[in-house]
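*Asks:*
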Amino acid sequence: MSRDDPAYQYPVACQRCGVELHLGRGSCYLINIEAMADPSPPQLDFDDFPTDLNRAFRDVLEELSQLSAQEAMDQVYRRVSFYLCARCYARWIENPTG
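What the sequence shown shows, in numbering that gives the first Met the number 0, is residues 0 to 97, in sequence order.
(1) Between R77 and N31, what straight-line distance do the alpha-carbon atoms span, to the nearest angstrom?
(2) May I ask which residues mark the beginning and end of the alpha helix (DSSP H) holding V59?
(3) What does DSSP give as the partner residues of Y76 in its beta bridges?
(4) Are there 16 or more other CB atoms within 10 angstroms of the CB of C84, so buried, or fewer, so exposed?
(5) For F48, which of helix, strand or coil comes out of DSSP?
(6) For the structure I just gave you, are there three or more beta carbon pairs, one from the region 11 to 19 and one from the region 47 to 59, closer than 8 Å?
(7) Indicate whether the contact test is met: 3 or more Cβ pairs, each with one atom in the region 68 to 77 and one in the region 16 to 28, closer than 8 Å.
(8) Report the three-state DSSP secondary structure of Y9 (helix, strand or coil).
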(Lines of atoms letter the chains of each structure in order from A and count residues from 1; the text may use other names and numbers.)
(Lines give C-alpha, C1' and ligand atoms only; values in the text may rest on other atoms or scores of the structure.)
Protein backbone atom coordinates (compact mmCIF):
# COMPACT_ATOMS: atom_id res chain seq x y z
CA MET A 1 0.00 0.00 0.00
CA SER A 2 1.45 3.34 -0.99
CA ARG A 3 1.13 6.63 0.88
CA ASP A 4 -1.17 7.73 -1.99
CA ASP A 5 -3.68 5.04 -1.01
CA PRO A 6 -6.93 6.58 0.29
CA ALA A 7 -6.64 4.54 3.49
CA TYR A 8 -3.62 6.67 4.45
CA GLN A 9 -5.54 9.89 3.79
CA TYR A 10 -8.59 9.14 5.97
CA PRO A 11 -8.87 7.87 9.52
CA VAL A 12 -9.29 4.11 9.70
CA ALA A 13 -10.94 2.46 12.68
CA CYS A 14 -11.02 -1.09 13.98
CA GLN A 15 -14.27 -2.61 12.77
CA ARG A 16 -14.75 -4.37 16.08
CA CYS A 17 -13.91 -1.86 18.83
CA GLY A 18 -13.69 1.41 16.89
CA VAL A 19 -10.21 2.44 18.04
CA GLU A 20 -8.37 4.64 15.52
CA LEU A 21 -5.76 2.69 13.59
CA HIS A 22 -2.45 4.06 12.32
CA LEU A 23 -1.61 2.33 9.06
CA GLY A 24 1.99 1.62 8.21
CA ARG A 25 3.04 1.02 11.82
CA GLY A 26 2.39 -2.71 11.92
CA SER A 27 -0.24 -2.41 14.64
CA CYS A 28 -3.32 -3.57 12.75
CA TYR A 29 -4.53 -6.25 10.36
CA LEU A 30 -6.38 -6.09 7.07
CA ILE A 31 -8.83 -8.99 6.93
CA ASN A 32 -10.14 -10.25 3.57
CA ILE A 33 -13.00 -12.74 3.54
CA GLU A 34 -14.28 -14.49 0.43
CA ALA A 35 -17.51 -16.46 0.48
CA MET A 36 -18.93 -18.42 -2.42
CA ALA A 37 -21.87 -20.69 -2.98
CA ASP A 38 -21.14 -24.40 -2.91
CA PRO A 39 -18.87 -24.95 -5.94
CA SER A 40 -19.57 -28.71 -6.09
CA PRO A 41 -21.46 -30.02 -9.10
CA PRO A 42 -25.13 -30.52 -8.20
CA GLN A 43 -26.38 -33.97 -7.31
CA LEU A 44 -29.08 -34.53 -9.91
CA ASP A 45 -31.90 -37.00 -9.63
CA PHE A 46 -33.73 -37.06 -12.94
CA ASP A 47 -36.89 -38.27 -11.20
CA ASP A 48 -37.06 -34.87 -9.46
CA PHE A 49 -36.99 -32.89 -12.71
CA PRO A 50 -40.22 -31.09 -13.47
CA THR A 51 -42.07 -32.31 -16.52
CA ASP A 52 -42.44 -28.74 -17.78
CA LEU A 53 -38.87 -27.37 -17.85
CA ASN A 54 -39.97 -24.14 -19.54
CA ARG A 55 -42.33 -23.44 -16.64
CA ALA A 56 -39.58 -24.27 -14.13
CA PHE A 57 -37.20 -21.80 -15.83
CA ARG A 58 -39.90 -19.12 -15.84
CA ASP A 59 -40.43 -19.69 -12.09
CA VAL A 60 -36.71 -19.27 -11.41
CA LEU A 61 -36.57 -16.13 -13.54
CA GLU A 62 -39.58 -14.75 -11.67
CA GLU A 63 -37.82 -15.35 -8.34
CA LEU A 64 -34.67 -13.65 -9.62
CA SER A 65 -36.64 -10.67 -10.90
CA GLN A 66 -37.50 -9.87 -7.26
CA LEU A 67 -33.78 -9.39 -6.46
CA SER A 68 -31.42 -6.61 -7.41
CA ALA A 69 -28.36 -7.60 -9.42
CA GLN A 70 -26.24 -7.13 -6.27
CA GLU A 71 -28.55 -9.32 -4.15
CA ALA A 72 -28.44 -12.08 -6.76
CA MET A 73 -24.65 -11.83 -7.00
CA ASP A 74 -24.27 -11.87 -3.19
CA GLN A 75 -25.99 -15.27 -3.16
CA VAL A 76 -23.15 -16.63 -5.30
CA TYR A 77 -20.01 -14.69 -4.30
CA ARG A 78 -19.08 -12.00 -1.80
CA ARG A 79 -15.79 -10.44 -0.74
CA VAL A 80 -15.49 -8.30 2.39
CA SER A 81 -12.41 -6.43 3.67
CA PHE A 82 -11.98 -4.74 7.03
CA TYR A 83 -9.32 -3.66 9.52
CA LEU A 84 -8.86 -4.92 13.07
CA CYS A 85 -6.55 -3.61 15.77
CA ALA A 86 -4.00 -6.10 17.14
CA ARG A 87 -6.07 -6.80 20.28
CA CYS A 88 -9.28 -7.51 18.37
CA TYR A 89 -7.40 -9.54 15.76
CA ALA A 90 -5.95 -11.80 18.47
CA ARG A 91 -9.47 -12.56 19.73
CA TRP A 92 -11.02 -12.85 16.27
CA ILE A 93 -8.43 -15.20 14.75
CA GLU A 94 -8.98 -17.74 17.54
CA ASN A 95 -12.73 -17.80 16.96
CA PRO A 96 -13.66 -16.06 13.68
CA THR A 97 -17.27 -17.23 13.71
CA GLY A 98 -17.99 -16.43 17.35
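We put the beta carbon where it would ideally sit given N, CA and C, even for glycine.
Because the structure is a prediction, the values reported are computed rather than measured.
*Replies:* So, from the listed chains and residues:
(1) 11 Å
(2) L52 to S64
(3) Paired residue(s): M35.
(4) buried
(5) coil
(6) no
(7) For the pair of segments examined, the region 68 to 77 was found not to touch the region 16 to 28: the number of CB pairs separated by less than 8 Å stays below three.
(8) Y9: coil per DSSP, three-state reduction.
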